[in-house]
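Engineer: In UniProt numbering, the protein residues as written are 3 to 399.
Every residue gets a Cβ at the ideal spot worked out from N, C-alpha and C, and that includes glycine.
Values in this document were obtained by computation on a predicted structure and should not be read as measured data.
The structure's right below; bear with me while I get my questions together.
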Ligand code: LMR
């Protein structure tokens with residue numbers, strides 16, 4: 003049965019974790035996966051999460067099955083975070099939200115549902131994009147294309163190329179967009195650029211799929227959902243995949259959500275019934291712990307304020323690391339100006355390092371980054387910054 007099964011390549015991101023763990027060098031640094039590490043180099047367990055977990059443990063609640071769509075208090079907290087608590091769409095019952103297995107699970111549930119709705123549609127993702135976007139939509143049976151996004155010359159967005167491509171795709175294509183903190187480039191569209199994109203999407207009757215996995219890591223929790231609110235105000239139907247992996251530091255708990263904006267409350271009921279079938283036939287219903295914790299935090303004034311402060315600290319530390327990285331590289335006389343790294347948003351820096359340079363960083367210095375040149379700035383700290391910047395300066399010399 004398995005004799006002809008070929009060895010698959012390692013996952014471009016999670017495969018780095020495997021290689022990193024197997025690496026026996028004591029000074030190794032993992033800048034591959036998108037995970038926030040604190041100044042001590044550890045994944046934090048947020049205080050707000052610890053408080054909510056204490057209450058949960060004391061309650062000794064039974065572990066029955068959750069509803070297929072997840073915990074109601076969680077789903078509605080997600081909606082408010084994304085669309086705003088005063089959203090007209092929410093009041094009109096036009097948003098369907100289901101708990102999902104992280105942002106990836108939300109994307110896959112959305113992709114499987116879309117395959118039933120638009121089986122022949124083209125999916126377009128940004129060039130570059132998160133490595134798993136293409137694989138995930140292809141595995142759901144779609145043909146996946148790229149739209150231009152990043153302009154290497156300016157280290158900014160290629161909005162002209164993007165609009166041209168979106169205009170030329172077949173009508174009713176599915177357009178995957180990073181709502182904030184673009185992965186891997188850290189380059190976000192301005193409000194004005196978002197409006198131009200929205201106009202083309204509406205004119206071409208495309209289906210927007212907003213992916214928001216880093217809300218709170220750009221400018222703030224509210225600010226980072228600007229694109230979601232813009233699309234909400236447009237009257238379009240669209241998909242949103244969201245995640246608390248990073249913003250709650252709950253990676254392994256798989257806490258995400260899929261939200262769909264429909265035309266009416268009545269349509270929402272029909273859409274929900276179908277999304278539930280997708281979930282039921284994939285994994286039946288979601289797990290309890292992470293979503294319970296997130297719902298408790300978001301629905302408590304006290305814990306929510308604590309969480310917002312902690313997320314603010316993470317955001318600020320990443321910004322500080324960007325500045326330190328740029329300054330140190332300049333002080334080392336690096337052969338390139340890295341000041342653009344200060345403008346990038348979120349956890350990543352698209353460093354411009356080539357695949358060969360990334361490989362040299364790993365082989366010679368034990369520093370792991372993604373082959374695209376993506377570096378997780380959120381894994382830098384004052385203890386590893388010197389070795390990392392020295393290695394970068396060396397490989398680009
Ligand atoms: C990343 O981009 O590194 C994260 O989103 C983790 C993942 O699942 O790839």
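By a C-beta neighbour count over all protein chains shown, 10 Å radius and 16 as the cutoff for buried, is residue 47 buried or exposed?
Structural biologist: exposed
Engineer: If you measure from the CB of residue 188, is any heavy atom of the ligand LMR nearer than 8 Å?
Structural biologist: no
Engineer: Count the other CB atoms within 10 Å of the CB of residue 316; is the residue buried (16 or more) or exposed (fewer)?
Structural biologist: buried
Engineer: Specify the secondary structure class of residue 129 as computed by DSSP and reduced to three states.
Structural biologist: strand
Engineer: Looking only at its chain, what residues have a beta carbon closer than 7 Å to the beta carbon of residue 334, apart from the 5 residues adjacent to it on each side?
Structural biologist: The answer, listed in chain order, is 391, 392 and 395.
Engineer: Taking 8 Å as the cut-off, is the C-beta of residue 8 nearer than that to any heavy atom in the ligand LMR?
Structural biologist: No, the Cβ of residue 8 stays beyond 8 Å of every heavy atom of the ligand LMR.
Engineer: Taking C-beta to C-beta, are residue 148 and residue 177 nearer than 9 Å?
Structural biologist: no
Engineer: Give the secondary structure of residue 92 by DSSP, where H, G and I count as helix, E and B as strand, and everything else as coil.
Structural biologist: helix
Engineer: What number of angstroms, rounded off, separates the C-alpha of residue 351 from the C-alpha of residue 62?
Structural biologist: 43 Å
Engineer: Can you list, in chain order, every residue whose CB sits closer than 5 Å to a heavy atom of the ligand LMR?
Structural biologist: 15, 35 and 36
Engineer: From the DSSP output, read off the bridge partner residues of residue 347.
Structural biologist: None; residue 347 has no bridge partner.
Engineer: Would a C-beta distance cut-off of 9 Å place residue 265 and residue 243 closer than the cut-off?
Structural biologist: No. Outside cutoff.
Engineer: How long is the line joining the alpha carbons of residue 249 and residue 5, rounded to whole angstroms?
Structural biologist: 43 Å
Engineer: Between residue 183 and residue 190, how many whole angstroms is the CB-CB distance? I'm expecting something under 8 Å.
Structural biologist: Yes, residue 183 and residue 190 are in contact; Cβ-Cβ is about 7 Å, under 8 Å.
Engineer: Output the boundary residues of the alpha helix (DSSP H) element that contains residue 74.
Structural biologist: 74–85
Engineer: Can you list, in chain order, the stretches of the alpha helix (DSSP H) that have 4 or more residues and sit fully within the region 265–337?
Structural biologist: 267–284, 291–300 and 303–333
Engineer: By alpha-carbon positions, which one of 368, 74, 238 and 212 ends up nearest to residue 204?
Structural biologist: 238
Engineer: With a threshold of 7 Å on Cβ separation, who are the neighbours of residue 76 within its own chain once the five nearest residues in sequence on each side are excluded?
Structural biologist: 101, 293, 296 and 297
Engineer: Please specify which runs of the alpha helix (DSSP H), each continuous and at least 4 residues long, are wholly inside the region 165–250, giving them in chain order.
Structural biologist: As far as the region 165–250 is concerned, its whole alpha helix (DSSP H) runs of at least 4 residues are 193–205 and 228–236.
Engineer: Could you give the residue range of the beta strand (DSSP E) that holds residue 147?
Structural biologist: For residue 147, the uninterrupted beta strand (DSSP E) run begins and ends at 145–150, by DSSP.
Engineer: Secondary structure at residue 153, three-state DSSP: helix, strand or coil?
Structural biologist: Per DSSP, reduced to three states, the secondary structure at residue 153 is strand.
Engineer: In whole angstroms, what is the alpha-carbon distance linking residue 124 and residue 306?
Structural biologist: Residue 124 and residue 306: Cα-Cα distance of roughly 40 Å.
Engineer: What is the DSSP secondary structure of residue 27, counted as helix, strand or coil?
Structural biologist: coil
Engineer: Quick one: measure Cβ to Cβ for residue 382 and residue 327, integer angstroms, because I've assumed they're closer than 8 Å.
Structural biologist: Between the beta-carbon of residue 382 and that of residue 327 there is about 6 Å, and that keeps the pair under the 8 Å contact cut.
Engineer: Near residue 323, what residues of its chain come up, given a Cβ to Cβ distance below 6 Å and the 5 sequence neighbours on each side ignored?
Structural biologist: Taken in chain order, the residues that qualify are 379 and 382.
Engineer: On the three-pair Cβ rule with 8 Å, is the region 134–151 touching the region 30–50?
Structural biologist: no
Engineer: Who are residue 102's beta bridge partners in DSSP?
Structural biologist: 258
Engineer: Within the same chain, show all residues whose beta-carbon is closer than 6 Å to that of residue 142, passing over the 5 residues directly before and after it, in chain order.
Structural biologist: 113, 114 and 117
Engineer: With H, G and I counted as helix, E and B as strand and the rest as coil, what does DSSP make of residue 356?
Structural biologist: coil
Engineer: Use the C-beta contact count for residue 213: other C-beta atoms within 10 angstroms, 16 or more gives buried, fewer gives exposed.
Structural biologist: The residue in question, residue 213, is buried, as its Cβ has 16 or more Cβ neighbours within 10 Å.
Engineer: Name the one or two DSSP bridge partners that residue 158 has.
Structural biologist: 153
Engineer: From this set, 152, 84, 287 and 200, which residue's C-alpha is nearest residue 223's C-alpha?
Structural biologist: 84
Engineer: Taking the C-alpha atoms as reference points, what is the distance between residue 384 and residue 283?
Structural biologist: 47 Å
Engineer: Within 10 angstroms of its Cβ, does residue 133 collect 16 or more other Cβ (buried), or is it exposed?
Structural biologist: Burial call: buried.
Engineer: Go to residue 377, then tell me how far its beta strand (DSSP E) extends in each direction, as first and last residue.
Structural biologist: 376–378
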